[in-house]
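K.L.:
Okay, so the sequence shown: first residue is 8 according to the working numbering, each after it adds one.
I am attaching a structure below and will ask some questions about it afterwards.
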Amino acid sequence: MIEFGTDENGYRVRFHPAKLHTVLAGRTRSGKSVTAYRILAECAEVPWVRLVGCDPTGILLGPASAGKPDDFALGTSPKALEHAIAVLKNIEQLMDQRISKLMELGIDQIPEHVYTDPRVGAVVVVLEEYAGLLAAADKKAGEEIRRIVGRILREGSKAATHVMSILQRPEAAVLHDRAQYARAIVMAVENADSVKMLLPMTSPEEVERLVSSKPGRGYLMEAGEPLRYFRADYVTYEAYAAIVREASARKQPVFPRQGADSSDPRQHLEEVTN
8 MIEFGTDENG YRVRFHPAKL HTVLAGRTRS GKSVTAYRIL AECAEVPWVR
58 LVGCDPTGIL LGPASAGKPD DFALGTSPKA LEHAIAVLKN IEQLMDQRIS
108 KLMELGIDQI PEHVYTDPRV GAVVVVLEEY AGLLAAADKK AGEEIRRIVG
158 RILREGSKAA THVMSILQRP EAAVLHDRAQ YARAIVMAVE NADSVKMLLP
208 MTSPEEVERL VSSKPGRGYL MEAGEPLRYF RADYVTYEAY AAIVREASAR
258 KQPVFPRQGA DSSDPRQHLE EVTN
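Written as structure tokens, this is what we have:
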């Protein structure tokens with residue numbers, strides 16, 4: 008479990024990288040980025056967590072991408088968007104391979120002792136500024152992105168593959184399949200409608216509190232758990248980038264290119280299970 012902040016009662020708030028799809032939202036200057044830095048830096052240091060994903064600017068995921076060209080797609084140029092779809096298709100294929108193996112083994116999800124083996128790993132699909140990725144894509148590409156991400160949201164949990172979508176402004180078009188996000192980390196957002204889209208059970212007082220929250224403060228919602236107001240741990244981008252670069256360099260790519268001298272975690276599910 009990854010700790011990323013402290014709640015009002017002094018207890019630490021935690022993020023489990025192999026459980027629940029996550030939406031992290033907040034307006035500019037809300038502390039959303041710092042919260043992402045904290046969570047992803049910790050994820051990078053866990054040997055069995057495998058980060059992959061898409062980032063329109065490259066700022067968040069760039070430090071994790073060195074030597075892993077098919078694990079990440081950075082940018083919004085036509086070539087970068089084509090690569091983003093290729094990366095998402097790789098993730099979809101990995102998910103399908105894992106689910107097929109589960110069916111052969113007669114089990115319904117990857118057990119903890121298997122996904123915590125670095126040869127298999129739990130995959131965290133980071134979609135930084137997901138709205139920006141969709142906005143940059145043409146209609147056909149956008150539909151394909153939504154199709155793949157929707158499948159991962161609906162089917163990925165059993166294959167230890169979870170989405171972390173990061174947004175500035177919650178919108179229905181971006182939060183497709185939103186019922187699948189069983190974890191919401193919500194910093195200050197623009198208005199009550201944005202709060203209600205992500206945290207529909209909040210009271211008027213909680214809505215007002217969140218809209219007016221200071222940077223670095225927000226609510227953590229997890230299915231079946233009480234809503235918790237927290238203050239996120241602070242980490243600078245420079246510290247985040249250094250941690251992620253060093254930690255990522257110790258891990259092999261999830262999707263190694265043909266001929267690369269690296270272990271492919273797609274091949275190890277059966278032997279680890281056995």
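Don't be surprised by glycine CBs; every beta carbon is placed ideally from N, CA and C.
1) Between alanine 73 and alanine 91, how many whole angstroms is the CB-CB distance? I'm expecting something under 8 Å.
2) Using a Cβ-Cβ cut-off of 7 Å (strictly less than) and excluding sequence neighbours within five positions of glutamine 187, which residues of its own chain qualify?
3) In the DSSP output, what is serine 309 paired with across the bridge?
4) Secondary structure at aspartate 200, three-state DSSP: helix, strand or coil?
5) Could you pull out every residue in the same chain whose Cβ sits closer than 6 Å to the Cβ of tyrosine 122, ignoring the five residues on either side in sequence?
6) Pick from Glu119, Pro125 and Cys61: whose alpha carbon is nearest that of leucine 95?
7) With C-beta atoms as the reference, is glycine 82 less than 8 Å away from proline 63?
8) Counting along the chain, where does the alpha helix (DSSP H) carrying alanine 148 start and finish?
9) Should tyrosine 137 and valine 181 be called a contact, given that it needs their Cβ atoms to be closer than 8 Å?
10) Under 8 Å by Cβ, that's how I've got lysine 147 and aspartate 115 pegged, so tell me the actual separation to the nearest angstrom.
11) Provide the residue span of the beta strand (DSSP E) that contains alanine 80, from first to last.
12) In the DSSP assignment, find the beta strand (DSSP E) that holds alanine 191 and state where it starts and stops.
13) Between which two residues does the beta strand (DSSP E) harbouring methionine 228 extend?
14) Quick one: Cα of valine 56 to Cα of glycine 223, how far?
15) What are the boundary residues of the beta strand (DSSP E) that arginine 126 is part of?
P.N.:
On the basis of the coordinates in this document:
1) Between alanine 73 and alanine 91 a beta carbon distance of about 18 Å is seen, past the 8 Å cut, so the two are scored as non-contacting.
2) Result list for glutamine 187: His28, Leu160 and Arg161, in chain order.
3) Absent from the model: residue 309. The displayed extent of the chain is 8 to 281, so no value can be given.
4) DSSP places aspartate 200 in helix when its eight states are reduced to three.
5) Within the same chain, tyrosine 122 has close Cβ partners Ala25, Ala129 and Ala167.
6) Of Glu119, Pro125 and Cys61, the residue nearest in Cα terms is Cys61.
7) Taking 8 Å as the cut-off, the Cβ atoms of glycine 82 and proline 63 count as close.
8) Counting along the chain, alanine 148 sits inside the alpha helix (DSSP H) bounded by residues 146 to 162.
9) At a Cβ-Cβ threshold of 8 Å, tyrosine 137 and valine 181 count as neighbours.
10) Between aspartate 115 and lysine 147 the Cβ distance is about 34 Å, and since that is not below 8 Å, they are no contact.
11) Its beta strand (DSSP E) spans residues 79 to 81.
12) From DSSP, the beta strand (DSSP E) with alanine 191 extends over 190 to 194.
13) Residues 224 to 229.
14) Going by the C-alpha atoms only, they are around 25 Å apart.
15) Looking at the DSSP string, arginine 126 is not in any beta strand (DSSP E), and its letter there is neither H nor E.
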